[in-house]
Amino acid sequence: MPSLPLRESAYIISRCGEALHSMRRWLAIFAVFIVGSIAVSGCDGDPSYTVYFQSDRNGNWDIYSIQHDGTMEAQVTDHPADDLYPVVNSDGTKVAFIRRSGNATDVILVDTEEGNEINLTNGRAGGTIESITWYPEGDRLLVTLWTMGLASGRPQLYWMGEEGMADDDTGMHLLGQDTAYSYWNPRMNAAGEEIAVSASLSLESVDVHILDSAGQFIRVVPHETFLRPTGEFRAPTATEDYADYAPNGRDVIMQSNAPALTNPSNAIHLWYVSSQGRRSADLTPDAPYNSMQPAWSTVLDGQTIVFASDRDGNNEIYLWSQTEGAEPVRLTDNPANDSNPSWLRNDPNAD
Numbered sequence: 001m002p003s004l005p006l007r008e009s010a011y012i013i014s015r016c017g018e019a020l021h022s023m024r025r026w027l028a029i030f031a032v033f034i035v036g037s038i039a040v041s042g043c044d045g046d047p048s049y050t051v052y053f054q055s056d057r058n059g060n061w062d063i064y065s066i067q068h069d070g071t072m073e074a075q076v077t078d079h080p081a082d083d084l085y086p087v088v089n090s091d092g093t094k095v096a097f098i099r100r101s102g103n104a105t106d107v108i109l110v111d112t113e114e115g116n117e118i119n120l121t122n123g124r125a126g127g128t129i130e131s132i133t134w135y136p137e138g139d140r141l142l143v144t145l146w147t148m149g150l151a152s153g154r155p156q157l158y159w160m161g162e163e164g165m166a167d168d169d170t171g172m173h174l175l176g177q178d179t180a181y182s183y184w185n186p187r188m189n190a191a192g193e194e195i196a197v198s199a200s201l202s203l204e205s206v207d208v209h210i211l212d213s214a215g216q217f218i219r220v221v222p223h224e225t226f227l228r229p230t231g232e233f234r235a236p237t238a239t240e241d242y243a244d245y246a247p248n249g250r251d252v253i254m255q256s257n258a259p260a261l262t263n264p265s266n267a268i269h270l271w272y273v274s275s276q277g278r279r280s281a282d283l284t285p286d287a288p289y290n291s292m293q294p295a296w297s298t299v300l301d302g303q304t305i306v307f308a309s310d311r312d313g314n315n316e317i318y319l320w321s322q323t324e325g326a327e328p329v330r331l332t333d334n335p336a337n338d339s340n341p342s343w344l345r346n347d348p349n350a351d
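Here the working numbering is used: the first residue of the sequence shown is 1, the next is one more, and so on.
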C-alpha cells in the first residue's frame, strides 16, 4: 500500500518555534488535503495532535515527538539509558515511559510543557518493568512487571498511582489475573472497564486476552470459532500483540503474523476485530512488509491510528485514517528505527 512521505516535502520545525522555511510547505499541505484524512494544525504544538515515539537515531533509545502533519519533530529525552514505550495521559500534559539501563528499569513521567522529569519508581519496583499504559482518568498507570518472587518470573499486571512509590512500600498493586500467564502491552478501553493485553503460556504463541478492570478473564480475540475464513490465529507460531481499543471502546485493532490467505508471507499485519471477537479484517492485506504497534485517537476524524511500519525499508511512524479510500501518511523519515507511537486518545477540548 503506497504512502505519502510527508517529511520530505514539508517544512520541519526542529524545536518549537525554530522554523526551517521552505516554499515546498504548501505542496505538503496540498498533498495532505488530497489524502483527505487529516487536517493541518498550526505551529503551536497542540498536544491534541502530538505523536510521541521512541527512536535510536542518536545511538540509544530516546523519546521524540512530532505533530500529526509531520512538522515540529523534536527530541523529548536525552539520557544515556534507553527510554522506551512512551504513553500519553488523558489530557496530553504528561508522558510516561520506561527508562532501562541493563536490567534496571524505572517509570519516568515527563511534563510535556516544561520537559521536567519525575522518577516514579526510583529502583523500587521490585522487578523489571516490561510495559505501561494509562488508566483513562490519567491518575493511574497499568504496568507489567516481572519479579522472581511471583509467578516464576512471568510478567504480571499491576497498577500504580501517578504519585509513584509514595503510597506504600512498593507502590505496585497486583491485579487479580491468572498468574499462569505472562502479560505484555496492556491497553484499557475508554470506560476503564476492560483491558486488552497480550497473554501467553509460552513465548511461542501469544494471544490477545480481554480482562475486566480487576484482571479477570473475559474472552480471547479473535474468537476461536471464527478463524479459518480470515487468519489462523491459533497456529503454534502465531503472535497477536499491541491490541488497542477503537474509539467505541469495544472493537480492537492489533498486530498479528497469523497465517492467512491475505498474508502469504507471514508478515506482521494490522487486524481489526469486532467487539465480541467474531469478525476480523486484515487492514494490510497481501502486504509483504510489517505494520505494528497501532494506537487509536479521536482527535482528528475519530477513525485515525498511528503505527510503525517498515514498508519503506526501515521502521518509521505513519498516520492512517480508517475512512474509505484513505492511505497511510508517513510522518518520520530517518534511517534509524522509529517505533512505539502514542498520542492523545480523546480530545480534551471536545464537547
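All residues carry an ideal CB built from backbone N, CA and C; glycine is no exception.
In this model, glutamate 193 and arginine 140 are separated by some 14 Å (Cα to Cα).
Apart from the 5 residues on each side of it in sequence, leucine 270 sits with its Cβ closer than 7 Å to the Cβ of Ile253, Gln255, Leu283, Thr284, Ser291, Pro294, Phe307 in its chain, given in chain order. In this structure, the beta-carbon distance from alanine 214 to glycine 176 falls below 9 Å.
A distance of 9 Å or more separates the beta carbons of valine 197 and leucine 261.
Beta bridge pairing from DSSP links asparagine 263 with Ala260.
DSSP places serine 55 in the uninterrupted beta strand (DSSP E) bounded by 50-55. Counting along the chain, no beta strand (DSSP E) covers valine 299, and no H or E run does either. One thing to note: serine 297 has its Cβ no nearer than 9 Å to the Cβ of proline 328. Per the C-alpha coordinates, the member of Asn337, Asp338, Gln303, Asp56 positioned closest to serine 321 is Gln303. Spatial neighbours of phenylalanine 217 in its own chain (CB-CB distance under 7 Å, excluding positions within 5 residues in sequence) are listed in chain order as Asp178, His209, Leu211. In the same chain as threonine 105, and ignoring 5 residues on each side of it, the C-beta atoms closer than 6 Å to its own belong to Ile98, Thr128, Ile129, in chain order. Under the criterion of beta carbons closer than 8 Å, histidine 68 and leucine 300 qualify as touching, at roughly 7 Å. According to the DSSP secondary-structure assignment, alanine 281 is paired through a beta bridge with Tyr272. Inter-residue distance for asparagine 58 and aspartate 241 is about 27 Å (C-alpha atoms, whole angstroms). Annotated as distal: tyrosine 85 and aspartate 338, with beta-carbon spacing of 9 Å or more. Aspartate 310 and serine 55 have their C-alpha atoms spaced approximately 14 Å apart. Residue pairing by DSSP places threonine 105 opposite Arg100 in a beta bridge.
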